[in-house]
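For the sequence shown, my numbering assigns the number 8 to the initial residue and increments by one for each residue that follows. For each residue, glycine too, the CB sits at the ideal point set by N, CA and C. These notes concern the structure reproduced below.
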Amino acid sequence: MKQEVKVPRMGESISEATVSAILKPAGSSVQMDDELLELATDKVNQVLYAQQAGIFTPTVKEDDIVKIDQVVGYIESNGKSEAKVETKADIKSETKAEAKTEKPSAQAKASPEAEPTSKTQGKKAATESVKEANGIRQTSKEFIEEIKNSKNVGDSSAPVQASKAESTKTTQLDIVLEPSAVKGEPRETRSKMSRIRKVIATRLVEVQQSAAMLTTFNEVDMTAIMALREKYKETFVKQYGVRLGFMSFFVKAAVAALRTFPSVNSYIDGDEIVHREYYDIGIAVGTDKGLMVPIVRSCDQLSFAQIEKTIVNYATKVKEGTLTADDLQGGGFTITNGGIYGSLLSTPIISPQQCAILGMHKIAKRAVVVDNQIVIRDMMYLALSYDHRIIDGKEAVSFLVQIKNWLEDPSRMLLNL
Numbered sequence: 008m009k010q011e012v013k014v015p016r017m018g019e020s021i022s023e024a025t026v027s028a029i030l031k032p033a034g035s036s037v038q039m040d041d042e043l044l045e046l047a048t049d050k051v052n053q054v055l056y057a058q059q060a061g062i063f064t065p066t067v068k069e070d071d072i073v074k075i076d077q078v079v080g081y082i083e084s085n086g087k088s089e090a091k092v093e094t095k096a097d098i099k100s101e102t103k104a105e106a107k108t109e110k111p112s113a114q115a116k117a118s119p120e121a122e123p124t125s126k127t128q129g130k131k132a133a134t135e136s137v138k139e140a141n142g143i144r145q146t147s148k149e150f151i152e153e154i155k156n157s158k159n160v161g162d163s164s165a166p167v168q169a170s171k172a173e174s175t176k177t178t179q180l181d182i183v184l185e186p187s188a189v190k191g192e193p194r195e196t197r198s199k200m201s202r203i204r205k206v207i208a209t210r211l212v213e214v215q216q217s218a219a220m221l222t223t224f225n226e227v228d229m230t231a232i233m234a235l236r237e238k239y240k241e242t243f244v245k246q247y248g249v250r251l252g253f254m255s256f257f258v259k260a261a262v263a264a265l266r267t268f269p270s271v272n273s274y275i276d277g278d279e280i281v282h283r284e285y286y287d288i289g290i291a292v293g294t295d296k297g298l299m300v301p302i303v304r305s306c307d308q309l310s311f312a313q314i315e316k317t318i319v320n321y322a323t324k325v326k327e328g329t330l331t332a333d334d335l336q337g338g339g340f341t342i343t344n345g346g347i348y349g350s351l352l353s354t355p356i357i358s359p360q361q362c363a364i365l366g367m368h369k370i371a372k373r374a375v376v377v378d379n380q381i382v383i384r385d386m387m388y389l390a391l392s393y394d395h396r397i398i399d400g401k402e403a404v405s406f407l408v409q410i411k412n413w414l415e416d417p418s419r420m421l422l423n424l
């Protein structure tokens, strides 16, 4: 029985995919749940598995664009493949045909006229090559000998005169000593963009061209949060089974600021502004294949521990390559942390169908003034990129200042002040 292998549905916004790898070539014997093909979309990669045992025959090749529900291969349960199978008679006939074709070339080799000509040309070329090589070596030796015997060696004040012949010798010597410079080895390579990289490039350009993007900056004193984490880190792990990170503080602070400034949790659709009444926040995660932004949903209803567990779960999925399209759908606001790579300051780009993104950066000890005293504090620069079509400058600055105030006094989060 022949079974079709089709492209499955992978999310509401995904209508096509790219065949990134054919894991089983044509004619391969496969078992139930064997990996057949890998598909790449603008969000995630997905592997297609065998639903029965048999002989697999793909109908597509790598880099092909395929649609949802498109047939990309067949599995023959009876062991027969659609590919043509050569019989012994076919092989014998092909062998005979090849033998007949090769006879004229053998006669050509035995031709008495062609052989002397080729031998003569070969000897002549070899003789010329030997002469040329000996000439270069002889020229090099003579030139070096002249330098040794010269009275002006080591005298920088002596005038240097070179004849045309000496210039030629120098050039020949350089050629012998630097053969790689003559060959000119290639210094560039080219590689095809992956589907994810193409989509990322397209969307980033679209955002830059469609949004009136602006970035405002501030700095936050992380000393209080650092002390809080240090004080309760062991107790937190014992009670909840997960580490207390920085991201949960930023998510909580962002939710509070979004409640105060609801326009930051909106986007433009045509000539309308769509206001979200929920708090789904995307956490940007860098991968080898590009930037992924899994969504932490209903953040206003989650505790610190629940937020941390969700982020850890997504991090595991990213490493294992098991993120689904649903994990990446939606989101009204995004937080990205370039600080884990050492970034001190940046201007993050807004995600599609959003109007703002918060950029975290590296925590560094800096000298700051507190109560008219110069003290050393753990400081971080914050960046808020926003769409000026929706958010006014005053609103953007106030939004970022509220996040700063909550982070510098974490107790306000607990008291909702």
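Beta-carbon proximity list for residue i, same chain, < 7 Å, skipping 5 on both sides
i, result
"Val408", "Asn225"
"Ser36", "Ile62"
"Arg210", "Pro359"
"Arg283", "Asn272, Ser273 and Gly339"
"Thr267", "Gln409"
"Thr94", "Note that Thr94 has pLDDT 43, beneath the 50 cutoff, so the model's placement of it is unreliable and the number below is only indicative. Excluding residues within five positions, none has a Cβ falling inside 7 Å."
"Leu265", "Val271, Asn272, Tyr286 and Phe340"
"Val249", "Ala312, Glu315, Lys316 and Val319"
"Leu235", "Pro417"
"Gly76", "Note on residue identity: the sequence assigns Asp, not Gly, to residue 76. Cβ within range, chain order: Lys13 and Val14."
Of the residues the options, the one placed nearest residue i, counting alpha carbons only
i, options, result
"Ile203", "Ala219, Asp228, Lys296 and Arg250", "Lys296"
"Thr323", "Gln336, Ser305, Leu309 and Met299", "Met299"
"Ala219", "Ser392, Arg16, Leu421 and Lys9", "Ser392"
"Asp399", "Ala332, Arg384 and Pro269", "Pro269"
"Thr329", "Met17, Lys9 and Gln10", "Met17"
"Lys9", "Tyr81, Ala264 and Ala33", "Tyr81"
"Val292", "Val214, Asn344 and Ala374", "Asn344"
"Ser84", "Lys68, Gly34 and Glu195", "Gly34"
"Ser353", "Gln246, Thr222 and Gln313", "Thr222"
"Gly346", "Met254, Gln77 and Tyr239", "Met254"
"Val376", "Val227, Glu241 and Glu195", "Val227"
Sequence-distant residues of its chain with Cβ nearer than 6 Å to residue i (five each side left out)
i, result
"Ala260", "Ile410, Trp413 and Leu414"
"Gln38", "Ala60"
"Val137", "In this predicted model, Val137 has a pLDDT of only 46, less than 50, meaning its place in the structure is not dependable; the value taken from the coordinates is given anyway. Hits under 6 Å: none found."
"Phe243", "Leu251"
"Tyr247", "Ala312"
"Val382", "none"
"Lys68", "none"
Close Cβ partners of residue i (< 8 Å) along its chain, the five nearest in sequence each way excluded
i, result
"Gln114", "Residue placement at Gln114 is flagged as unreliable, the pLDDT there being 44, under the threshold of 50; a coordinate-derived value is accordingly withheld."
"Gly349", "Lys369"
"Met420", "Phe256, Lys259, Ala260, Ala263 and Trp413"
"Gln215", "Ile356"
"Leu351", "His368, Lys369, Ala371 and Tyr388"
"Glu213", "Pro359"
"Arg373", "Ile383, Arg384 and Met386"
"Lys238", "none"
Distance between beta carbons of residue j and residue i, contact taken as under 8 Å
i, j, result
"Lys74", "Val12", "Their Cβ separation, rounded to whole angstroms, is 14 Å, which puts Lys74 and Val12 out of contact at 8 Å."
"Ile357", "Asp394", "6 Å"
"Val54", "Glu45", "5 Å"
"Ile290", "Cys306", "Going by Cβ atoms, the distance from Ile290 to Cys306 rounds to 10 Å, so no, they are not a contact pair."
"Val79", "Thr66", "6 Å"
"Pro417", "Ile232", "6 Å"
"Ala390", "Gly366", "4 Å"
"Thr294", "Val325", "6 Å"
Beta carbon of residue i nearer than 9 Å to that of residue j
i, j, result
"Phe311", "Phe256", "yes"
"Glu42", "Lys31", "yes"
"Ile397", "Ser217", "no"
"Ala363", "Met387", "no"
"Ile302", "Gln336", "yes"
"Asp40", "Ala57", "yes"
"Thr48", "Ile21", "yes"
"Asp385", "Met229", "yes"
"Glu315", "Gly252", "yes"
"Asp334", "Tyr321", "yes"
"Ser27", "Ser201", "yes"
Beta strand (DSSP E) segments (min. 3 residues) lying fully within the region 352–421: Taking 3 residues as the minimum length, the beta strand (DSSP E) runs contained wholly in the region 352–421 are 363–367, 371–377 and 380–394, in order along the chain.
Return the chain-ordered ranges of every alpha helix (DSSP H) run that is complete within the region 254–332 and spans a minimum of 4 residues. The region 254–332 contains these whole alpha helix (DSSP H) runs: 254–267 and 311–327.
Let me know the beta strand (DSSP E) ranges lying completely inside the region 179–254, each 3 residues or longer, listed in chain order. The region 179–254 contains these whole beta strand (DSSP E) runs: 220–228.
Contained beta strand (DSSP E) runs [length at least 3] in the region 20–52, N- to C-terminal order: Counting only runs of 3 or more, we get 23–29, 35–37 and 42–47.
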